[in-house]
Amino acid sequence: MPRENRASISEVVLVNAMLVYLSGRESTTLGELAEHFRIPWKEALAALWTANLAETASHEIPYDLELPDPDGQWDGEGEEPGPGARVSLRAGAARISLGLDELLIVLALIDSILEISPSGPQAAAVRETRAKLAASASERGFGTALWDPPQTVADAATTSAVDQAIQQESYLEFEYYRPAGGAAESERVNVVPVDVKSGVNPLLRALKDGEFRYYRLDRIGGARVGEPASAAKSRAAQKARDRADRKEKRALEDHGSTWSPEGILVQLTLDPRARWVAQALPDARIIPAENSGDLRIEFHARSVEWLMTFLVQIGQDVKHIGPPALAARVAHACQAMNSLGKGIA
């Protein structure tokens, strides 16, 4: 992704992966760390110093790094920065308590990253974090509420080429496939990629012939990195991205969730396997069901949009939604999203 004042997702994932790597070792050298993550040792040291100086709301960070001075700032004391300098994580991460609903949100966010991440040590570290969270939930009896880890939506060569082109601010050339009747049609396109948006169908956002376009990642094939984009083209792509972001934000503000302090009354009939839902929601109430084999619960949702994301997590264990007026609103929202999906290239 283009370098900005704020850290990009790839930079955050890299720092997290390095911390996970260090947590499993007493110490390692900058050279070994750089070789493992396939980056220069100076970049590895800079990333660790970024983590070491991170600011949080509590002004505390849940780890303690032992590092040489930043490159170019050695004062003559301690180890001189270089590939042979040792680094270590002196203290393990603090224990964080998560409710089941919070855990499901964290897993969903992790999965949205894994679906679009190229294979490599960074993705492996994120998968390791996910596995630990899932194991912890299973030990506490919530294993049936979880889902399997995702697969990347595109092949390794495609995700790697997309990531490389974004990082290098280069052109990306690929074959783009569209369904046409019983067959698939394709066209060869050459774009300046900007970023990848995660979601049900992750989208590559890119500038093509002066227009900001969206391409489904799972319909891209034969991708290869092209020539570096000019500074003018890169700026144009970033400006187009910023305009698109502002437009999406305005749309959410104009047509987003309607919220009330009392929330929306929800009545769900569920398969008994989904008993975790009642345990995950603080105000959920189990009510008698006509069919003794089913589970009926009542709770308040803060918006229809929030409810829809929660229903996705419950999946096929949902048998009925009530009251009828709410069920109609959920159905209408689903139809609206479905029509939006049909408009994507």
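Yeah, the sequence shown ends on 345 if you go by the UniProt record's numbering, and it's all consecutive.
Note that the Cβ used here is the ideal one computed from N, Cα and C, for glycine as well.
Nearest neighbour of residue i, chosen from the options [CA to CA]
{"i": "E187", "options": "A137, Y176, G141, A108", "result": "Y176"}
{"i": "S234", "options": "L172, G24, I220", "result": "L172"}
{"i": "A331", "options": "V304, I314, G315", "result": "V304"}
{"i": "I166", "options": "V189, L326, L14, V225", "result": "V225"}
{"i": "E227", "options": "P324, Q168, L109", "result": "Q168"}
{"i": "R86", "options": "W41, A47, L30", "result": "L30"}
{"i": "T269", "options": "P81, Q316, A336", "result": "Q316"}
{"i": "A47", "options": "S23, P323, D69, V15", "result": "V15"}
{"i": "S160", "options": "V106, A135, G221, S136", "result": "G221"}
{"i": "E211", "options": "W49, T129, V106, V194", "result": "V194"}
{"i": "A223", "options": "W74, V191, R246", "result": "V191"}
{"i": "R219", "options": "L207, D209, K239, F174", "result": "F174"}
{"i": "I314", "options": "A327, I286, T144", "result": "T144"}
{"i": "T129", "options": "H320, S23, K42", "result": "S23"}
{"i": "P83", "options": "P68, A236, E77", "result": "P68"}
{"i": "T28", "options": "L109, L89, R273", "result": "L89"}
The alpha helix (DSSP H) enclosing residue i, as first and last residue numbers
{"i": "G293", "result": "Looking at the DSSP string, G293 is not in any alpha helix (DSSP H), and its letter there is neither H nor E."}
{"i": "L107", "result": "100-114"}
{"i": "E43", "result": "41-52"}
{"i": "P121", "result": "121-139"}
{"i": "E305", "result": "304-314"}
Local conformation of residue i per DSSP, three classes
{"i": "T152", "result": "coil"}
{"i": "L326", "result": "helix"}
{"i": "N16", "result": "helix"}
{"i": "S170", "result": "strand"}
{"i": "A7", "result": "Model confidence at A7 stands at a pLDDT of 48, short of 50, so the residue's coordinates are unreliable; what they give is reported in the following sentence. Coil at A7, not helix or strand."}
{"i": "A165", "result": "helix"}
{"i": "R219", "result": "helix"}
{"i": "E227", "result": "strand"}
{"i": "W74", "result": "coil"}
{"i": "E35", "result": "helix"}
{"i": "L22", "result": "helix"}
{"i": "W147", "result": "coil"}
Burial state of residue i, where buried means 16 or more other Cβ atoms lie within 10 Å
{"i": "T309", "result": "exposed"}
{"i": "A54", "result": "exposed"}
{"i": "D148", "result": "exposed"}
{"i": "S117", "result": "buried"}
{"i": "G256", "result": "With a pLDDT of 45 at G256, under the threshold of 50, the modelled position of this residue cannot be trusted, and the question is left open."}
{"i": "V20", "result": "buried"}
{"i": "S198", "result": "buried"}
{"i": "P40", "result": "exposed"}
{"i": "I113", "result": "buried"}
{"i": "E35", "result": "exposed"}
{"i": "V153", "result": "buried"}
{"i": "E115", "result": "buried"}
Beta-bridge pairing of residue i - partner residues as DSSP gives them
{"i": "T29", "result": "R86"}
{"i": "P193", "result": "A206"}
{"i": "L65", "result": "L89"}
{"i": "R285", "result": "E298"}
{"i": "Y177", "result": "S186"}
{"i": "residue 346", "result": "Given that the chain is displayed from residue 1 to residue 345, the structure contains no residue 346 and the question cannot be resolved."}
Delimiting residues of the beta strand (DSSP E) encompassing residue i
{"i": "I264", "result": "264-270"}
{"i": "R213", "result": "211-216"}
is_contact[residue i, chain D] using C-beta, thresh 8 angstroms
{"i": "C334", "result": "This model lacks chain D altogether; it includes just one protein chain."}
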